[in-house]
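For reference, the structure discussed in these notes is given below.
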Amino acid sequence: MKEIITRDFSTYSGRMLEDYFIQKVKTEKKYNLIGTYWEKNNQNEIDIVAVNELKKTVLFAEVKRQKKNISLEKLKYKSLHLQKQFEGYSFTFKAFGMEDM
Numbered sequence: 001m002k003e004i005i006t007r008d009f010s011t012y013s014g015r016m017l018e019d020y021f022i023q024k025v026k027t028e029k030k031y032n033l034i035g036t037y038w039e040k041n042n043q044n045e046i047d048i049v050a051v052n053e054l055k056k057t058v059l060f061a062e063v064k065r066q067k068k069n070i071s072l073e074k075l076k077y078k079s080l081h082l083q084k085q086f087e088g089y090s091f092t093f094k095a096f097g098m099e100d101m
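Take the sequence shown: its letter number 17 is residue 17 in the UniProt record's numbering, and every next letter is one higher.
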């Protein structure tokens, strides 16, 4: 059992942290569409994509236990394909870590 927990803890805790921040963004009530995004073969995965259709804004966010491990430049690159679907919108890029809880 210990081996299984040790093996899977990183994946499990990362997913729980993503769920926490998705709920946090939802409670702010700034966006009417909130979810995750990934392309074929799990490429360009983005942990949180939140859209405000009225104000024409999109939040792209990456979640990691340690915020210092997040590259906003990489997040901007991963979001390029998706940005094309939101012509005329403004974009915000954020990093969330345990220190933001």
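All C-beta atoms in this analysis are idealised placements derived from N, C-alpha and C, irrespective of residue type, glycine included.
Item: For Gly66, three-class secondary structure by DSSP; Value: Reading off the sequence, residue 66 comes out as Gln, not Gly. Of the three classes helix, strand and coil, the one that applies to Gln66 here is coil, per DSSP.
Item: Proximal residues to Gly35 (C-beta, below 7 Å), its chain only, five neighbours per side dropped; Value: Val49
Item: Through-space distance from Asn42 to Leu75, alpha-carbon basis; Value: 14 Å
Item: Environment of Ser79 [buried if 16+ CB atoms lie within 10 Å]; Value: buried
Item: Residues near Gly14 by beta carbon distance below 8 Å, same chain, minus five either side; Value: Val63, Lys64, Arg65
Item: Residue closest to Phe21, alpha-carbon to alpha-carbon, out of Tyr89, Lys67, Leu82, Thr57; Value: Lys67
Item: For Tyr77, the three-state DSSP class (helix, strand or coil); Value: helix
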